[in-house]
Amino acid sequence: MVVLQLTQQINKPADAVFRAIADVGNFASWNPTIKASRQLTPGDPANGSRYEWDLKGFGTVQQELQEFEPGRRLRIVPLMKQMSGGHRFTLEALGRSTRVDHELEMVPKGVYKLVIPMMKSTGRKNLDATAAALKRHLEQD
752 MVVLQLTQQI
762 NKPADAVFRA
772 IADVGNFASW
782 NPTIKASRQL
792 TPGDPANGSR
802 YEWDLKGFGT
812 VQQELQEFEP
822 GRRLRIVPLM
832 KQMSGGHRFT
842 LEALGRSTRV
852 DHELEMVPKG
862 VYKLVIPMMK
872 STGRKNLDAT
882 AAALKRHLEQ
892 D
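Position one of the sequence shown corresponds to residue 752 (our numbering), numbered consecutively onward.
If you want it as structure tokens, here you go:
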């Protein structure tokens, strides 16, 4: 199992940051690790909402929202045979800015356990790229 953590501060209110993260079907418009993204289930984001991402290095992977607490926390969980885990975002309002704690958990299954060392490196690069892109996306106004 690989667990990577990162904390950042974004100069936007927590509700704006949460809305951007919860818009999982729109991730490809700002996240360089995702080539395409779309919402699969109708309605507003909530626990159990499903999405599809075309991930660099993985191909098409369905994602599910879990731990959905508006304005506070959500977890995006990949639905794939080779790996479980997910990306948890925990937000803390700091007045007009927001602290975002990222936790990326990758649990390879079967033969994929052999690539844990490579997963750490790739996961760190992807986590750093996602955090930097999220900050740029939200602070560009």
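The C-beta atom is built at its ideal place from N, Cα and C for all residues, glycine as well.
Considering only DSSP beta bridges, list what R875 is partnered with. DSSP output for R875 lists no bridge partner at all.
Just reading off the alpha helix (DSSP H) that R789 is part of, what are its end residues? Note, R789: premise wrong, no alpha helix (DSSP H); beta strand (DSSP E) at I785 to Q790.
Less than 8 angstroms between the C-beta atoms of A882 and P783, yes or no? no
Which of helix, strand or coil does DSSP assign to P821? coil
Kindly give me the distance between the Cβ atoms of I827 and L806, rounded to whole angstroms, as I take these residues to be in contact under 8 angstroms. Not quite, the Cβ-Cβ distance comes to about 11 angstroms (not below 8 angstroms), so this is no contact.
If distances are taken between C-alpha atoms only, which option among L825, K871, M752 and Q790 comes closest to D766? L825
Classification of S788 by the beta-carbon crowding that lies within 10 angstroms, buried from 16 upward: buried
Where does M752 fall in DSSP's three states? coil
Short of 7 angstroms in beta carbon distance, which residues of its chain neighbour Y863, apart from the five on each side in sequence? Order them along the chain. Q833 and M834
With burial defined as no fewer than 16 other Cβ atoms inside 10 Å of the residue's Cβ, what is the status of S780: buried or exposed? exposed
Is it right to say Q814 is buried, meaning 16 or more other beta carbons lie within 10 angstroms of its own, or is it exposed? buried
Would you kindly check if the distance between the Cβ of I772 and the Cβ of K886 is under 8 angstroms? no
Taking the beta strand (DSSP E) that D805 falls in, what are its first and last residues? R801 to L806
Looking only at its chain, what residues have a beta carbon closer than 7 angstroms to the beta carbon of P821, apart from the 5 residues adjacent to it on each side? F769
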